[in-house]
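A.B. asks: Position one of the sequence shown corresponds to residue 423 (our numbering), numbered consecutively onward.
Handing you this structure, nothing more for now.
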Amino acid sequence: MKKFSVVVCVCVALLSFGIYGKCVREVSAQIPGAEENLAILRDIIRENECQVGMAFLGYTYETAEASDILEYTKMEEVAAAYPFLQEGTVVDAGGYEIYAIVPGCDCKISVYPTQITEDGEYLDDLNAPYYIGQEDEIIILRCNMSEIHSNVMVSVQKQNMSVQYHPMVSLKDGHLATEAYCYDFSIYHDWEEYHPEDDSSLDINIAREVLSQTDEVRYYLGLGMSLWYTGTEEYIEGRNCPVFVLGTDHEDHFTKENYYAVGDNVVYYYDATGDAWLLLGAG
């Protein structure tokens with residue numbers, strides 16, 4: 423039976439997100455090959471002159487518990503490539519995204535709340551840490567209520583030096599947003615390499631094509647706007663529909679304009695005024 427021990431108390435998250443900051447470590451036997459794989463990754467982190475390695479593991483749901491979050495480290499590809507992640511400490515800052523954070527040799531990780539100011543700058547709260555890690559301790563982090571900005575600041579310290587990160591997924595390509603001195607060890611798939619048996623990824627690819635062929639979206643794409651999959655789904659009229667966002671790329675950010683959902687070749691748009699998904703072209 424798995425045993426969990428709470429290692430840090432709960433602290434209050436910002437912006438009325440609720441009570442988060444629970445940190446849980448799973449107590450288990452050493453996983454075969456974990457030490458060797460971890461040593462290899464840390465060598466790669468060092469060779470790339472980085473202080474930390476970070477991977478986006480996927481999206482979760484609002485009521486997920488620590489055990490649910492840790493399950494992301496046991497997914498087939500992740501477990502095969504990075505078995506040591508299963509021994510990480512779960513830090514729950516609230517949100518829908520799961521990240522694995524591996525400090526470089528002799529480094530330690532701390533996680534703090536943050537919020538965005540009116541000027542679009544991060545304001546980190548160093549007085550209320552979610553978690554202060556030990557040297558070489560691996561963190562499995564749940565964070566980010568919004569797709570636009572992070573709700574945490576991750577600090578990586580080594581002796582008297584530190585580097586700060588705000589983990590996020592880029593809306594441009596669904597990859598981990600680029601950060602200085604951070605090595606991305608996420609497992610990605612190329613659309614062209616997907617096989618028909620990969621139903622979920624094929625469905626998303628088809629949905630994107632269907633959406634791109636509508637008059638409205640084709641018009642906006644012709645104006646230079648971009649279309650990105652959000653990584654989420656909506657259940658609309660009995661259909662599980664992947665959600666896409668149409669927006670404008672800027673040098674330092676992406677402005678979201680319209681949301682669309684596609685299911686069984688049926689296209690919906692999100693009406694923010696009525697807070698409802700409506701059939702595209704029916705209005």
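Every residue gets a Cβ at the ideal spot worked out from N, C-alpha and C, and that includes glycine.
1. In three-state DSSP terms, what is GLU487?
2. Just how far apart, CA to CA, sit GLN579 and THR670?
3. Please report the residue range of the beta strand (DSSP E) in which GLU519 lies.
4. May I ask you to verify whether the stretch 518-528 touches the stretch 556-575, counting CB pairs closer than 8 Å and requiring at least 3?
5. Name the residue from VAL689, ASP637, GLU638 and TYR681 whose alpha carbon lies nearest to the alpha carbon of GLY661.
6. Given this structure, state the Cα-to-Cα distance separating TYR504 from TYR692, to the nearest angstrom.
7. Across which residues does DSSP place CYS565 in a beta bridge pair?
8. Per DSSP, CYS604 forms a beta bridge with which residues?
9. From this set, LEU548, TYR553, GLY517 and ILE560, which residue's C-alpha is nearest ARG464's C-alpha?
10. Over the uninterrupted alpha helix (DSSP H) stretch that includes VAL639, give me the two end residues.
11. Strictly by DSSP, which residues pair up with GLU669?
12. Check this for me: beta carbons of ASP547 and TYR534, under 9 Å apart or not?
13. Report back the beta-carbon spacing between PHE666 and ARG630 to the nearest angstrom; my notes put them in contact at under 8 Å.
14. Looking at the unbroken beta strand (DSSP E) that takes in ILE538, where does it start and where does it end?
15. By a C-beta neighbour count over all protein chains shown, 10 Å radius and 16 as the cutoff for buried, is THR511 buried or exposed?
16. Can you give the Cα-Cα distance for ASP606 and TYR481, rounded to whole angstroms?
C.D. replies: In short:
1. As a working note, residue 487 is residue 65 in the sequence shown. It is coil, neither helix nor strand.
2. As a first step, residue 579 must be located in the sequence shown, where it is residue number 157. As a first step, residue 670 must be located in the sequence shown, where it is residue number 248. Cα to Cα, the separation comes out at about 36 Å.
3. Here residue 519 refers to the residue found at position 97 of the sequence shown. Here the beta strand (DSSP E) through GLU519 covers 519-525.
4. These segments touch.
5. For the purposes of this step, residue 661 is taken as residue 239 along the sequence shown, with counting starting at 1. Residue 661 is actually Arg in this sequence, not Gly. Among VAL689, ASP637, GLU638 and TYR681, the Cα nearest to that of ARG661 is on VAL689.
6. Position 82 of the sequence shown, counted from the start, is the residue given in the question as residue 504. Position 270 of the sequence shown, counted from the start, is the residue given in the question as residue 692. For TYR504 and TYR692, the distance between alpha carbons rounds to 39 Å.
7. Here residue 565 refers to the residue found at position 143 of the sequence shown. For CYS565, DSSP records a beta bridge to GLU519.
8. Residue numbering aside, residue 604 sits at position 182 when the sequence shown is read from its first letter. Paired residue(s): VAL474.
9. For the purposes of this step, residue 464 is identified with residue 42 of the sequence shown, where counting begins at 1. Nearest neighbour of ARG464 by Cα position, chosen from LEU548, TYR553, GLY517 and ILE560, turns out to be ILE560.
10. The residue you call residue 639 lines up with position 217 of the sequence shown. In the DSSP assignment, VAL639 falls within the unbroken alpha helix (DSSP H) covering 637-644.
11. Residue 669 sits at position 247 when you count from the first residue of the sequence shown. The sequence given here places Gly at residue 669; Glu does not occur at that position. Bridge partners of GLY669 according to DSSP: SER648 and LYS678.
12. As a working mapping, residue 547 is identified with position 125 in the sequence shown. As a working mapping, residue 534 is identified with position 112 in the sequence shown. It is a contact, given that the beta carbons lie within the stated cut-off.
13. Against the sequence shown, residue 666 aligns to sequence position 244. Against the sequence shown, residue 630 aligns to sequence position 208. Cβ-Cβ separation between PHE666 and ARG630: approximately 7 Å, consistent with a contact (criterion under 8 Å).
14. Against the sequence shown, residue 538 aligns to sequence position 116. Note, ILE538: beta strand (DSSP E), 530-538.
15. One-based indexing of the sequence shown puts residue 511 at position 89. The residue is buried, with at least 16 neighbouring Cβ atoms inside 10 Å.
16. Numbered from 1 along the sequence shown, position 184 holds the residue referred to as residue 606. Numbered from 1 along the sequence shown, position 59 holds the residue referred to as residue 481. Taking the straight line joining both Cα atoms gives about 17 Å.
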